[in-house]
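Worksheet for the structure shown next.
Residue numbers (my numbering): 555 to 1340.
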C-alpha cells in the first residue's frame, strides 16, 4: 500500500508527465482490447458447435478450358456418404429455399401480413444431430419430422407473436404452402455464419430434391457430414474418391475434397449471405492483430521513455532515499508500483471507452462484439493480460535504469549519463516508424478507394435505375413493365439484362482447331437495345440491333475477356454452343471493380431477363420515382417498389475500403497523439537539464536558429531516420494488401512523400514549440544561482 501512496504523490508532483502517460496508455489499451475482441470473435467463428472439429463439407471440382475451377455438391453424394462410408456418423442436407424463379428473396405470410426474408432454409431432421442450434421452445427430436413443420428464429417469434407461445401457429410460404410452427430457435451466437429466420422440413423425395436423385453431376443444397471420432479426414476423402470415380459423370478428372466446417468462414467459403464488413478474411485478422499490437507497444514504449525522462526530474528525491538506506530492490518496487498505478488508471479509462464506443465500433466493423465479463468471464483475461503486459514492458526497464543512478551525481543535480542510451533512441525511432507507416497506409488506402471509384466500369451508370422483375412481383412480364415505363415522359430509354451483378455461370462447349472443350462464361439475356442504352462499346462485329430478327435467337455477343480466353482470332461467325458470335464488346464490370472481369456472353431471350434498366433525364429523379410509385398502385403490385440506382450500387461496393480508411484514420490520429505528445514531453524534460548550457551559449553569442538546432536537432534526426526506415517496411506490407485487388494504383511514391512530409512538419512544429520556449529564456534568470 505504501508503494501506491508514494506513487500517488509522485504522480501529483508531475502532472504533465502523468497526463501524457495516462492518455497514451489509455489509447494503447483501448486499441488492444478492441482488436483482441475482434480477433477472438473471428477465430472462434463456428467453433462453438460441440462437434465443430468433426463437421465437414464435401466438395468436387474440375478445371475447365479458360482456367476456371467449378465445385458442385452432387445429390448422389448424400446417400453415398450416409450408406457406403463407415466413417460417417450422419449427414444433413441444408438448402436455402428459393422461389420458382430461383430468387433467394422469399415471401412469407403471418396473420394476414406479408414479409420478405433471405434466410429461409430447408433441413433434414438430422440438423440437430450435426449442429448445436438449440431450441428455446419445442422438441429437437420431433421439430422437423413432418413435411409441414417449420422452425422460427427467436427474433421472428418475438416480432410476429410477441410473448405468446407460437407453437402451432401458421406461417405460409409463397409457392410452398402453409406450415405449422414446431419450434423456436434460441438466439444464434453472433459468431455463426449460418443464420436462419425460418427452417422447414427438407423432403428428399419431393421437388427439387427428387429431380437430382442418383445424380452424380448436380445437386441441391449442401451436405454437411459429421465424421466419426475414430476416423481421419484422409480416410474419408479416399473412400469418397473411390465411390465417385466409379460413378464419374465427366470426361475430365474430378477433384474430391472435404472442407472443415469451422474453416469455411475464415476461408471465405461460408454459405451465409450476410457477412460482416471485415468478417471471413484471415488477411484482416493479421492486419488488426498487428496494428493493435503495434499501437499497444508504441504506448508502452512511449511510457518507458517518459518514465526515464521523468526520473531525471526526481534525481534528488532518489538520492535522499538512497542515503536514508533505501535498497535498489525497494527503489525498483517503488518505480514498478507507480507504473502499476498509472496502468490501472489507464485500464479503467480504456474499459469505459470501449463500453461507450462499442456500439459505434460494431457498426463500423459490422460485428456484434461484447465486453460483458458476466456473460463471458473468460474475457477477464484481456484486461488483466493488458495490465500485466504494461507493467512487464513499461515498468521493469525504467525501474532498473532509475534505481542504478549514482548517488553523488544525483545529489549534485546533474543529468545521469543515459542520454547516449541506444534503447531510448530505438524507442523514439520505433514510434515514428509505426506512425509514418500507418499514415502512409491511410493515404494509400484512400488512393486505392478513389482509384476504384473513378475507374470506368465499361457502361453508363449515371441516371440509370435497375428494377428486379422477380423481387418486384413481375416475374417474366418484362415486356409489360417495359411498355409501362416507356409511357413515362421523364424516362428516355428502357432495356433489360442481368445487371447489376446477377449473371449466372454456365459451361458452354467451344470448338477450337477441331477440338471441343468446356469453358465457363457469365451469361446474361439482354434486350435488343442493351448496347445502345447502357453505352457498352462495340469493338468488333455487330450489335443485336444490326442483324435480322431471324438470326436473333442463336446470336451472341461476347466481351474482350471471353474473346481472349477462347483464343480464336477470327471469332465473328464462329459458334460457342449453339450461339453464333456476331460481335465483341469492350470489357465491362458485372459486379464491382474489386472482382476481375469474367468472360461474358450476351444473348437475346426476353423471357429470361431478370432485371430491367431505365435511363431518366437528369434532375427528374424524384418525379420518376413518384411516377413509379403511382404505377405500382395502378397495377396493384403486391410487393413494395424496390429499385437500385446503379451509381449508388457501385459506390456501395467500396464499403469495406471506406471503413478500413476510417479505421486507419482513427488509429493514425491516436498514434500521432501518443507519439508527438511523447516527443514534446521528452524534449521538455531534457531541455530542463540543458538550461544552463543553452544560456551560456546564448551569452557567448549563439543565435536563435543555432539554439533551436542544439535543443532539438538530434530528435529531428531520429524522426528523419525513422521516416526512411518506415518506407520499405510499409511498402512490403501494403503491397500484400493491394495484391488482393485485380485493378490497383500503380505508383506509391506520391503517398510516401506526402505522409513523410506530414510527419516531418508535425515533428518540426512540436519541437519548435519547445525550442522556442528555451531560446527565449533570459540567461540571467537561469544563471543567477550559479
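C-beta: ideal position from N, C-alpha, C; glycine also.
- Separation of residue 890 and residue 1215 (C-alpha to C-alpha, rounded to the nearest whole angstrom) is 38 Å.
- Inclusion of residue 852 and residue 897 in the CB contact set at 7 Å is not warranted, their separation being larger than that value.
- Counting along the chain, residue 1116 sits inside no beta strand (DSSP E); it lies in the alpha helix (DSSP H) bounded by residues 1114 to 1120.
- In this structure the region 1224 to 1235 lies against the region 1312 to 1319, because at least three pairs of beta carbons, one per stretch, are closer than 8 Å.
- In terms of Cβ geometry, residue 1309 and residue 911 do not form a close pair [threshold 7 Å].
- Scanning 1194, 1148, 1289 and 1184 for the CA closest to the CA of residue 1042 turns up 1184.
- Contact between residue 1081 and residue 1011 fails: their C-beta atoms lie close to 20 Å from each other, not under 8 Å.
- The beta carbons of residue 1133 and residue 1159 sit no closer together than 7 Å.
- By the neighbour-count criterion, in which 16 or more other beta carbons inside 10 Å mark a residue as buried, residue 739 falls on the buried side.
- Excluding five sequence positions before and after residue 903, the CB atoms of its chain that fall closer than 6 Å to its own CB belong to 580, given in chain order.
- Sorting 1219, 644, 1032 and 698 by C-alpha distance to the C-alpha of residue 998 places 1219 at the top.
- In this structure, DSSP gives residue 1101 a state outside helix and strand, which the three-state scheme calls coil.
- Around the Cβ of residue 569, a 10 Å sphere holds fewer than 16 other Cβ atoms; the residue is exposed.
- In the DSSP annotation of this structure, residue 924 is not part of any alpha helix (DSSP H), being labelled neither H nor E.
- For residue 1071, the enclosing beta strand (DSSP E) stretches over residues 1069 to 1080.
- Taking the Cβ atoms as the reference, residue 1141 lies roughly 18 Å from residue 1126, outside the contact range of under 8 Å.
- In the structure shown, residue 813 adopts extended strand secondary structure according to DSSP, grouped into three states.
- For residue 572, the enclosing alpha helix (DSSP H) has its first and last residue at 569 to 597.
- Contact between residue 901 and residue 583 holds, since their C-beta atoms are separated by about 6 Å, short of 8 Å.
- One Cα belongs to residue 860, the other to residue 1002, and the distance between them is close to 37 Å.
- The beta carbons of residue 645 and residue 735 sit no closer together than 7 Å.
- In this structure the region 1087 to 1095 does not touch the region 1062 to 1074; the number of beta carbon pairs closer than 8 Å is below three.
- In terms of Cβ geometry, residue 1116 and residue 1154 form a close pair [threshold 7 Å].
- With a 10 Å radius around the Cβ and a threshold of 16 neighbouring Cβ atoms, residue 1194 comes out exposed.
- Annotation for residue 936: the continuous alpha helix (DSSP H) segment containing it runs 935 to 944.
- Put simply, of 1320, 1100, 1295 and 700 the residue whose alpha carbon is nearest the alpha carbon of residue 1273 is 1320.
- Every unbroken stretch of the beta strand (DSSP E) spanning 3 or more residues and falling wholly within the region 1162 to 1244 is given here in chain order: 1165 to 1170 and 1197 to 1199.
- Rounded to the nearest angstrom, the gap between the Cα atoms of residue 895 and residue 792 is 60 Å.
- Taking all protein chains in view, the Cβ of residue 608 is crowded by 16 or more other Cβ atoms within 10 Å, so the residue is classified as buried.
- When only Cα atoms are considered, residue 699 and residue 668 end up about 26 Å apart.
- In the structure shown, residue 663 falls within a strand segment according to DSSP collapsed to helix, strand and coil.
- Bounds of the alpha helix (DSSP H) holding residue 684 are 681 to 684.
- Under DSSP, residue 1134 takes part in a beta bridge, and its partners are 1109 and 1129.
- A direct Cα-Cα distance of roughly 36 Å separates residue 1299 from residue 614.
- Cα atoms of residue 776 and residue 628: separation of roughly 9 Å, rounded to the nearest angstrom.
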